[in-house]
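Enquirer: Let me give you the structure first, and then I'll get to my questions.
There are 2 protein chains.
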Amino acid sequence: MARPPIFPLADARTVADDGDDASFCSTCAFSSACLAEGVGKRELRELHVLVDHVGPIAAGNHVFRKGDPFDAIAAVRAGTVKTYVNDADGHERVLGFHLPGEVIGLDGIDGERYPCNAVALDTVMLCRFSFQRMSSLAARLPGLQRHLFRLLSRGIGTAVQLGNDATADQRMAAFLLGLSQRLATRGFSATRFRLTMPRTDIGSHLRLAPETVSRVLKRFQDDGLVDIDRREVELLDVEALDALAAPVLSR
Amino acid sequence: MARPPIFPLADARTVADDGDDASFCSTCAFSSACLAEGVGKRELRELHVLVDHVGPIAAGNHVFRKGDPFDAIAAVRAGTVKTYVNDADGHERVLGFHLPGEVIGLDGIDGERYPCNAVALDTVMLCRFSFQRMSSLAARLPGLQRHLFRLLSRGIGTAVQLGNDATADQRMAAFLLGLSQRLATRGFSATRFRLTMPRTDIGSHLRLAPETVSRVLKRFQDDGLVDIDRREVELLDVEALDALAAPVLSR
DNA sequence: CGCTTCTTTGACGAAATTCAAAGCGTGTGG
DNA sequence: CCACACGCTTTGAATTTCGTCAAAGAAGCG
Numbered sequence: 005m006a007r008p009p010i011f012p013l014a015d016a017r018t019v020a021d022d023g024d025d026a027s028f029c030s031t032c033a034f035s036s037a038c039l040a041e042g043v044g045k046r047e048l049r050e051l052h053v054l055v056d057h058v059g060p061i062a063a064g065n066h067v068f069r070k071g072d073p074f075d076a077i078a079a080v081r082a083g084t085v086k087t088y089v090n091d092a093d094g095h096e097r098v099l100g101f102h103l104p105g106e107v108i109g110l111d112g113i114d115g116e117r118y119p120c121n122a123v124a125l126d127t128v129m130l131c132r133f134s135f136q137r138m139s140s141l142a143a144r145l146p147g148l149q150r151h152l153f154r155l156l157s158r159g160i161g162t163a164v165q166l167g168n169d170a171t172a173d174q175r176m177a178a179f180l181l182g183l184s185q186r187l188a189t190r191g192f193s194a195t196r197f198r199l200t201m202p203r204t205d206i207g208s209h210l211r212l213a214p215e216t217v218s219r220v221l222k223r224f225q226d227d228g229l230v231d232i233d234r235r236e237v238e239l240l241d242v243e244a245l246d247a248l249a250a251p252v253l254s255r
Numbered sequence: 005m006a007r008p009p010i011f012p013l014a015d016a017r018t019v020a021d022d023g024d025d026a027s028f029c030s031t032c033a034f035s036s037a038c039l040a041e042g043v044g045k046r047e048l049r050e051l052h053v054l055v056d057h058v059g060p061i062a063a064g065n066h067v068f069r070k071g072d073p074f075d076a077i078a079a080v081r082a083g084t085v086k087t088y089v090n091d092a093d094g095h096e097r098v099l100g101f102h103l104p105g106e107v108i109g110l111d112g113i114d115g116e117r118y119p120c121n122a123v124a125l126d127t128v129m130l131c132r133f134s135f136q137r138m139s140s141l142a143a144r145l146p147g148l149q150r151h152l153f154r155l156l157s158r159g160i161g162t163a164v165q166l167g168n169d170a171t172a173d174q175r176m177a178a179f180l181l182g183l184s185q186r187l188a189t190r191g192f193s194a195t196r197f198r199l200t201m202p203r204t205d206i207g208s209h210l211r212l213a214p215e216t217v218s219r220v221l222k223r224f225q226d227d228g229l230v231d232i233d234r235r236e237v238e239l240l241d242v243e244a245l246d247a248l249a250a251p252v253l254s255r
């Protein structure tokens, strides 16, 4: 499990980009999002030539590790990436689960090193962007610059969300709904999905013991809010979950 | 207490910038930081002409409110700004205390509205930057763009910090040390300083009841870690505090 | 000086962690 | 194909930390 990370491409299996099919990277989230920001299709091609398509990365392999020199950000194309840190006692703290369309590595810009570890939870495909080259391009493409500012700003918002005080039930409800919504945005079912991470990771992410995760999910099940079999989830009563999660979201 | 916010300058007492003294805004954190990023002095002047010097803002007045249209970020020049949100139950949650040299408003870029409230805890002076104009400038000044990316990235990092799991003692130690370090960076004493916020706010920030804040501080005092009189703090045993705070910081 | 706001203190209670142990699935090797 | 081992999950009981409630004390302010 101490294999080297995939970044910085020293040992990566990289799929070269054809560069001539703009829709090829549509799941990168950059293409569509940048179009929405007013980046023209011609300019979009400029962005695509600086993309490395990375993967597949098997579950358990690291994309990057805390302390690695920062040189790129990446959009998840398929699979789930978990970011985490270890505190001084060695306890793992999960910062986030990153689904297709989401971007990882932004927090590494400041310190020029990645401040956390990123590991694949299942088979992962990535689009890797040299940050230096993307910055240069952003200076010429206002839409791209705007998109990057937005992504970073959003990153603050999502990080802030995690700091909330709330009961175990409320945090869990918010977690399930958050997953649901993010999956729905990417075209997956909003009500049936698979938890790609173990209970331990969910707990670490929500500041709960894994036992508590198990108990809360059981109670949700008993109360008819969800149907859970192992890692398969079906949301049965979104209304009730919403009501539970309400205090987590700011007014 | 329902007075209108200072932004967007509708009602603000704004001090016009002379524009001809680059050192005038040295405490904005932008000047020195941007110089470090390779922005030349001539270019720096371009940045200064788009600065509004705002203030003084009296304690209790809002700089902006959640939902206000986002159009500017601001660097604190003097005083302390508290950012906070109210959850669905009306409970206040303090996101941060912003000291001189620190920047507020970055989290508003994404949604085009400020996602939180910002209020002065004491007499506050600000440098206000039109974000639109700063973005345009950033396209021409790579150093400025880099600085903005860094600021945003750092914002993610500090927000992530708050999500930590830790005991009340550990969080409080980390909070005191964090304040100490940030004040020291700005030239203030690292060991003696004033808490500009009530216990309630500290608690809300650290996810603790104000009573717990009081008890923890008392214990720190009894154990000789700090000397606290009302809101005046002296750190007596930084080593011990560091040891306490260790699990909060990622390894 | 009297009000308000903030802070401290104590007693109690609740939510979640910890500890311990038993199920359950999956994959592997005999 | 089955048995076994390993990791993950569930469950129960005891413990602990912190929040809640109540009230008194202190400081600042008009």
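Line order of the protein sequences matches chains A and B.
Throughout, my numbering is defined as the position within the first sequence, counted from one, plus 4.
Throughout, my numbering is defined as the position within the second sequence, counted from one, plus 4.
For glycine and all other residues, C-beta sits at the position ideal for the given N, C-alpha and C.
Values in this document were obtained by computation on a predicted structure and should not be read as measured data.
(1) Return helix, strand or coil for D231 (chain A), following the three-state DSSP convention.
(2) With burial defined as no fewer than 16 other Cβ atoms inside 10 Å of the residue's Cβ, what is the status of R235 (chain B): buried or exposed?
(3) Opposite R88 (chain B) in the DSSP bridges: which residues?
(4) Residues in its own chain within less than 8 Å of S193 (chain A) by CB, not counting five upstream and five downstream?
(5) Should V164 (chain A) be counted as a contact of the ligand MG given a C-beta to heavy atom distance under 7 Å?
(6) For E236 (chain A), which residues does DSSP report across the bridge?
(7) May I ask you to verify whether the region 173-180 of chain A touches the region 208-225 of chain A, counting CB pairs closer than 8 Å and requiring at least 3?
(8) Which chain B residues are close to G83 (chain A), counting only those with a beta carbon under 8 Å from its beta carbon?
(9) Counting only beta-carbon atoms, is L156 (chain A) nearer than 8 Å to chain B?
(10) How about the region 114-128 of chain B and the region 140-155 of chain B: do they share at least three Cβ pairs that are nearer than 8 Å?
(11) Go ahead and label R196 (chain A) buried or exposed: buried means 16 or more other beta carbons lie within 10 angstroms of its beta carbon, across all protein chains shown.
(12) Have a look at H151 (chain A) and G112 (chain B) and give me their C-alpha separation to the nearest angstrom.
(13) Flag R117 (chain A) as yes if its beta-carbon sits less than 8 Å from any beta-carbon of chain B, otherwise no.
(14) Tell me the DSSP bridge mates of S134 (chain A)?
(15) Do you know offhand how far P259 (chain B)'s Cα is from D227 (chain A)'s?
(16) How is the alpha helix (DSSP H) around G147 (chain B) delimited, first residue to last?
(17) Return the CA-CA distance between P251 (chain A) and I108 (chain A), expressed in angstroms with no decimal places.
(18) Please list the residues of the region 236-250 of chain B that have a C-beta atom closer than 7 Å to any C-beta atom in chain A, keeping them in chain order.
(19) Decide if E116 (chain B) is buried, meaning its Cβ has at least 16 other Cβ atoms within 10 Å, or exposed.
(20) Whose C-beta lies closer than 6 Å to the C-beta of L212 (chain A) among residues of the same chain, with five residues either side of it excluded?
(21) Output the boundary residues of the alpha helix (DSSP H) element that contains V217 (chain B).
(22) How about H102 (chain A) and V85 (chain A): are their beta carbons less than 8 Å apart?
(23) Going by the CB atoms, is the gap between I160 (chain B) and L155 (chain A) shorter than 8 Å?
(24) Interface residues of chain B around P146 (chain A) at Cβ under 9 Å?
(25) Might you give, ordered along the chain, the residues of its own chain that have their beta carbon closer than 6 Å to the beta carbon of L51 (chain A), omitting 5 neighbours on each side?
(26) Let me check understanding here. Comparing Cα to Cα, which of B:K45, B:T87 and B:I61 lies closest to K70 (chain B)?
Expert: Let me lay it out:
(1) Looking up residue 231 (chain A) in the first sequence gives position 227. For D231 (chain A), the three-state secondary structure derived from DSSP is strand.
(2) Along the second sequence, one-based indexing puts residue 235 (chain B) at 231. By the 10 Å Cβ count, R235 (chain B) comes out exposed.
(3) Residue mapping note: residue 88 (chain B) aligns to position 84 of the second sequence, counting from 1. It should be pointed out that residue 88 (chain B) corresponds to Tyr in this sequence rather than to Arg. In the DSSP assignment, the residues bridged to Y88 (chain B) are B:V98 and B:N121.
(4) Along the first sequence, read from residue 1 onward, the residue named residue 193 (chain A) stands at position 189. Answer for S193 (chain A): L187, listed in chain order.
(5) This structure lacks the ligand MG, and indeed carries no ligand of any kind.
(6) Position 232 of the first sequence, counted from the first residue, corresponds to residue 236 (chain A). Beta-bridge pairing links E236 (chain A) to A:R198 and A:D233.
(7) Between the region 173-180 of chain A and the region 208-225 of chain A there are three or more C-beta pairs closer than 8 Å, enough to call the two in contact.
(8) Working through the first sequence from its first residue, we reach residue 83 (chain A) at position 79. Those do not exist, as G83 (chain A) stays about 22 Å from chain B at its closest Cβ, beyond 8 Å.
(9) Counted from its first residue, the first sequence places residue 156 (chain A) at position 152. The beta carbon of L156 (chain A) sits closer than 8 Å to some beta carbon of chain B.
(10) No, they do not touch.
(11) Counting from one through the first sequence, the residue named residue 196 (chain A) turns up at place 192. By the neighbour-count rule (16 or more Cβ atoms within 10 Å), R196 (chain A) is not buried but exposed.
(12) Start at 1 with the first residue of the first sequence, and residue 151 (chain A) comes out as number 147. Start at 1 with the first residue of the second sequence, and residue 112 (chain B) comes out as number 108. So the two alpha carbons sit approximately 13 Å from each other.
(13) On the first sequence, position 113 is the one that residue 117 (chain A) refers to. At a cut-off of 8 Å between C-beta atoms, R117 (chain A) does not count as an interface residue with respect to chain B.
(14) In the first sequence, residue 134 (chain A) corresponds to position 130, counting from 1. DSSP output for S134 (chain A) lists A:A76 as bridge partner(s).
(15) Chain B is shown only over 5 to 255; residue 259 (chain B) falls outside these bounds and no answer can be derived.
(16) Mapped onto the second sequence, residue 147 (chain B) falls at position 143. Run containing G147 (chain B): P146 to L166, per the alpha helix (DSSP H) assignment.
(17) Within the first sequence, numbered from 1, the residue matching residue 251 (chain A) stands at position 247. Within the first sequence, numbered from 1, the residue matching residue 108 (chain A) stands at position 104. C-alpha separation (whole angstroms): 27 Å.
(18) Interface annotation for the region 236-250 of chain B against chain A: A250, criterion Cβ-Cβ distance under 7 Å.
(19) Working through the second sequence from its first residue, we reach residue 116 (chain B) at position 112. Under this definition E116 (chain B) is an exposed residue.
(20) Within the first sequence, residue 212 (chain A) is the residue found at index 208, counting from 1. Here the set comprises A172.
(21) The residue labelled residue 217 (chain B) in the question sits at position 213 within the second sequence. Per DSSP, the continuous alpha helix (DSSP H) segment holding V217 (chain B) begins and ends at P214 to D226.
(22) In the first sequence, residue 102 (chain A) corresponds to position 98, counting from 1. In the first sequence, residue 85 (chain A) corresponds to position 81, counting from 1. Their beta carbons are under 8 Å apart, which means H102 (chain A) touches V85 (chain A) by this criterion.
(23) In the first sequence, the residue the question calls residue 155 (chain A) occupies position 151. In the second sequence, the residue the question calls residue 160 (chain B) occupies position 156. Against a cut-off of 8 Å, the Cβ pair of I160 (chain B) and L155 (chain A) comes out as no contact.
(24) The residue labelled residue 146 (chain A) in the question sits at position 142 within the first sequence. Within chain B, the residues S139, S140 and A143 have their CB atoms less than 9 Å from the CB of P146 (chain A), given in chain order.
(25) Translated into positions along the first sequence, residue 51 (chain A) becomes position 47. In its chain, beyond the 5 residues on either side, no residue has a beta carbon closer than 6 Å to the beta carbon of L51 (chain A).
(26) Here residue 70 (chain B) is taken as the residue at index 66 of the second sequence, counted from 1. Comparing Cα-Cα distances from K70 (chain B) to each of B:K45, B:T87 and B:I61, the minimum goes to B:T87.
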